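I have placed the structure first, in the form of structure tokens, so that the comments after it can refer back to it.
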Amino acid sequence: MFFSVVIPTYNRKPILEKCLKALESQKFALNTIVENYEIVVVDDGSTDGTLDWLATQKHEFPHAVTHSQDHQGPAAARNLGVECARGDTIIFIDSDLVVTENFLQAHCDRLCQGQKETKSDRVFTYGWVINTCNFENPTSEPYKITDFSAAYFATGNVAIAKKWLLQAGLFDTRFQLYGWEDLELGVRLKKFNLKLLKCPKAVGYHWHPPFSLKQIPNLIDKEIQRGRMGVLFYQKHPTWDVRMMIQMTWIHRLLWGILSLGGLLNEKTLAPFLQWLIDRGKPQLALEVARIFLNWYNVRGVYSAYRELRIKN
């Protein structure tokens with residue numbers, strides 16, 4: 045088994061360094077079937093000197109292979125990474141993910157176990173993704189209920205045979221805004237009857253800066269983008285399951301409408317309470333509270349984009 049760890053990156057040099065160091069520190073079992081691995085870093089037009097820095101760090105990251113493109117988004121970056129990958133098995137992670145030392149071996153073990161259990165190679169693995177804002181020691185964060193994911197295919201920490209990605213057609217590069225390009229590919233992968241295997245021993249710690257009020261405009265913009273990309277997702281796969289995923293149902297409209305009191309609980313009215321939580325060392329709880337209005341922005345963004353689409357058609 046030859047792993048190609050595909051990592052798209054855009055202006056994340058500080059945390060990318062931790063990401064690569066963790067991948068260079070992998071430990072394998074004596075009887076491992078992992079022949080080798082490479083780290084395929086695709087720079088998506090960074091402006092923070094990422095490419096120049098990587099060029100000077102080849103001695104520290106011997107497994108890393110670097111490619112670059114103009115800024116086109118993670119879908120195009122991952123496609124380039126897969127196309128250039130030498131491995132038979134692709135692992136997708138993000139450049140702000142710091143993995144444990146047995147990360148690759150854990151994916152290998154679970155893939156082999158799953159193939160034996162199912163007597164088929166139509167399996168792929170998904171590891172744990174634990175969110176943390178601890179930059180100095182990200183792997184110290186415990187697993188939380190909010191870290192649970194029910195997604196079928198998400199690129200935060202997934203290992204899959206390269207052949208299935210190629211047969212499915214890779215990521216749709218029309219997803220240039222935030223969100224859904226991985227779950228959309230998952231819908232196509234499902235048609236090959238691939239079985240998702242949970243792999244809790246393959247742990248990645250997803251770092252993000254502690255939540256602050258100054259992040260809110262960017263988070264709102266992301267939710268609006270996610271709404272627009274959700275409509276593209278629905279265009280390609282007009283099913284009830286997709287409507288549920290993108291929150292384009294009366295259920296979500298009613299739920300977030302009620303929770304946000306029709307928009308009365310928003311970034312302005314909740315700002316004092318959010319700051320109060322932050323000041324008491326609870327930025328993650330503040331972010332969860334902020335999701336009340338962030339989800340309301342998302343739902344409205346979905347329906348706004350859908351109305352625009354119907355008018356055009």
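The opening position of the sequence shown corresponds to residue 45 in our numbering, with each subsequent residue numbered one higher. Glycine included, every Cβ here is placed at the ideal spot set by N, Cα and C. Remember, predicted model here, so these are calculated numbers, not experimental data.
- prompt: What distance in whole Å lies between the Cβ atoms of Y170 and V202, which are believed to be in contact at a cut-off of 8 Å?
  reply: As a working note, residue 202 is residue 158 in the sequence shown. As a working note, residue 170 is residue 126 in the sequence shown. About 5 Å; that satisfies the 8 Å criterion.
- request: Let me know the secondary structure DSSP gives N55 once reduced to three states.
  value: Within the sequence shown, numbered from 1, the residue matching residue 55 stands at position 11. Here N55 sits in coil by DSSP.
query: Whole-angstrom Cβ separation of W300 and V346, contact assumed at under 8 Å?
result: In the sequence shown, residue 300 corresponds to position 256, counting from 1. In the sequence shown, residue 346 corresponds to position 302, counting from 1. Not a contact, Cβ separation roughly 11 Å.
task: Please name the residue, chosen from D140, S112, K258 and S139, that lies closest to C128 on a Cα-to-Cα basis.
output: For the purposes of this step, residue 128 is taken as the residue at position 84 of the sequence shown. Ranking D140, S112, K258 and S139 by Cα distance to C128 puts S112 first.
- request: Determine the contact status of C243 and R154, defining contact as a CB-CB distance below 9 Å.
  value: For the purposes of this step, residue 243 is taken as residue 199 along the sequence shown, with counting starting at 1. For the purposes of this step, residue 154 is taken as residue 110 along the sequence shown, with counting starting at 1. Yes, the Cβ-Cβ distance between C243 and R154 is below 9 Å.
field: 8 Å Cβ shell around G223 - same chain, five flanking residues per side excluded
entry: By 1-based counting over the sequence shown, the position of residue 223 is 179. Cβ neighbours of G223 beyond the five flanking positions: K266, Q269, R270, M273 and G274.
- prompt: Is D191 helix, strand or coil when you go by DSSP?
  reply: The residue labelled residue 191 in the question sits at position 147 within the sequence shown. If DSSP states are grouped into helix, strand and coil, D191 belongs with the helices.
message: Whole angstroms are fine: how far does the CA of G200 sit from the CA of D191?
response: Here residue 191 refers to the residue found at position 147 when the sequence shown is read from its first residue. Here residue 200 refers to the residue found at position 156 when the sequence shown is read from its first residue. Cα to Cα, the separation comes out at about 12 Å.
- prompt: Which residue comes first and which comes last in the beta strand (DSSP E) that contains Q358?
  reply: As displayed, the chain neither begins before 45 nor continues past 357, which places residue 358 out of reach and without an answer.
field: H250 - DSSP class collapsed to helix/strand/coil
entry: On the sequence shown, residue 250 is found 206 positions in, with the first residue counted as 1. Of the three classes helix, strand and coil, the one that applies to H250 here is strand, per DSSP.
message: For the alpha helix (DSSP H) containing I264, name the first residue and the last one.
response: Here residue 264 corresponds to residue number 220 of the sequence shown, with the count starting at 1. Start and end: I260 to K280.
Cβ shell of G158 (< 6 Å), same chain only, five flanking positions each side left out: Counting from one through the sequence shown, the residue named residue 158 turns up at place 114. Taken in chain order, the residues that qualify are V167 and L241.
query: On the three-state DSSP scale, how would you describe A334?
result: What you label residue 334 is simply residue 290 of the sequence shown in a count that begins at 1. If DSSP states are grouped into helix, strand and coil, A334 belongs with the helices.
- prompt: Cα-Cα, which of K239, I174 and E225 is closest to T162?
  reply: For the purposes of this step, residue 162 is taken as residue 118 along the sequence shown, with counting starting at 1. Considering only alpha carbons, the answer is K239.
- prompt: Roughly how many angstroms lie between the CA atoms of A195 and H115, to the nearest whole one?
  reply: What you label residue 195 is simply residue 151 of the sequence shown in a count that begins at 1. What you label residue 115 is simply residue 71 of the sequence shown in a count that begins at 1. Going by the C-alpha atoms only, they are around 27 Å apart.
message: I'd like to know whether the C-beta atoms of Y54 and G89 end up nearer to each other than 9 Å.
response: Start at 1 with the first residue of the sequence shown, and residue 54 comes out as number 10. Start at 1 with the first residue of the sequence shown, and residue 89 comes out as number 45. Cβ distance < 9 Å, so Y54 and G89 count as in contact.
task: Assess, as a yes-or-no matter, whether the segment 211-221 is touched by the segment 169-185 under the definition of 3 or more beta carbon pairs within less than 8 Å.
output: no
query: Just curious, the alpha helix (DSSP H) that V231 is in, first and last residue?
result: Walking along the sequence shown from the start, residue 231 turns up at place 187. Note, V231: alpha helix (DSSP H), E225 to K234.
query: Within this structure, are the beta carbons of N310 and F337 separated by less than 9 Å?
result: Within the sequence shown, numbered from 1, the residue matching residue 310 stands at position 266. Within the sequence shown, numbered from 1, the residue matching residue 337 stands at position 293. Yes.
task: Please name the residue or residues paired with S48 in a DSSP beta bridge.
output: In the sequence shown, residue 48 corresponds to position 4, counting from 1. According to DSSP, S48 bridges with E82 and I134.
- request: Closer than 7 Å by C-beta to K206: which residues in its own chain qualify, once you throw out the five before and the five after it? Chain order, please.
  value: As a working note, residue 206 is residue 162 in the sequence shown. Only V126, A129, G131, D132, T133 and I134 meet the Cβ criterion.
- prompt: Does the separation of the CB atoms of H107 and L67 fall below 9 Å?
  reply: Counting from 1 along the sequence shown, the entry for residue 107 is found at position 63. Counting from 1 along the sequence shown, the entry for residue 67 is found at position 23. Yes, the Cβ-Cβ distance between H107 and L67 is below 9 Å.
task: Could you please give the first and the last residue of the uninterrupted alpha helix (DSSP H) stretch that includes T162?
output: Against the sequence shown, residue 162 aligns to sequence position 118. Start and end: F147 to T162.
field: Span separating the alpha-carbon of K71 from that of W320
entry: By 1-based counting over the sequence shown, the position of residue 71 is 27. By 1-based counting over the sequence shown, the position of residue 320 is 276. So the two alpha carbons sit approximately 43 Å from each other.
field: Under 9 Å between C-beta atoms of T183 and Y249
entry: Here the question's residue 183 lines up with position 139 in the sequence shown. Here the question's residue 249 lines up with position 205 in the sequence shown. Cβ atoms of T183 and Y249: closer than 9 Å.
task: Could you work out which residue in A246, D96, D226 and T283 is closest to W172 when comparing CA atoms only?
output: In the sequence shown, residue 172 corresponds to position 128, counting from 1. Selected option, being the one with the closest Cα: A246.
task: Check each candidate in N123, D165, P254 and R56 and name the one with the smallest Cα separation from L318.
output: Residue numbering aside, residue 318 sits at position 274 when the sequence shown is read from its first letter. For L318, the nearest C-alpha among the options comes from P254.
message: My output table needs one value for T176: the three-state DSSP class, helix, strand or coil.
response: In the sequence shown, the residue the question calls residue 176 occupies position 132. The answer is strand: DSSP assigns T176 an E or B state.
message: On the CB-based measure, 16 or more other CB atoms within 10 Å of its CB, does I295 come out buried or exposed?
response: Residue mapping note: residue 295 aligns to position 251 of the sequence shown, counting from 1. By the neighbour-count rule (16 or more Cβ atoms within 10 Å), I295 is not buried but exposed.
task: On a CA-only basis, which of L209, I260 and Q220 is nearest K235? Give me that one, please.
output: The residue you call residue 235 lines up with position 191 of the sequence shown. The option with the nearest alpha carbon to K235 is L209.
query: Across which residues does DSSP place V343 in a beta bridge pair?
result: Here residue 343 refers to the residue found at position 299 when the sequence shown is read from its first residue. According to DSSP, V343 bridges with nothing at all.
task: Could you check if G230 is buried or exposed, using at least 16 other CB atoms within 10 Å of its CB as the buried criterion?
output: Residue mapping note: residue 230 aligns to position 186 of the sequence shown, counting from 1. By the 10 Å Cβ count, G230 comes out buried.
- prompt: Is any beta-carbon of chain B found at less than 9 Å from that of S112?
  reply: The displayed structure is made up of one protein chain only, and chain B is not part of it.
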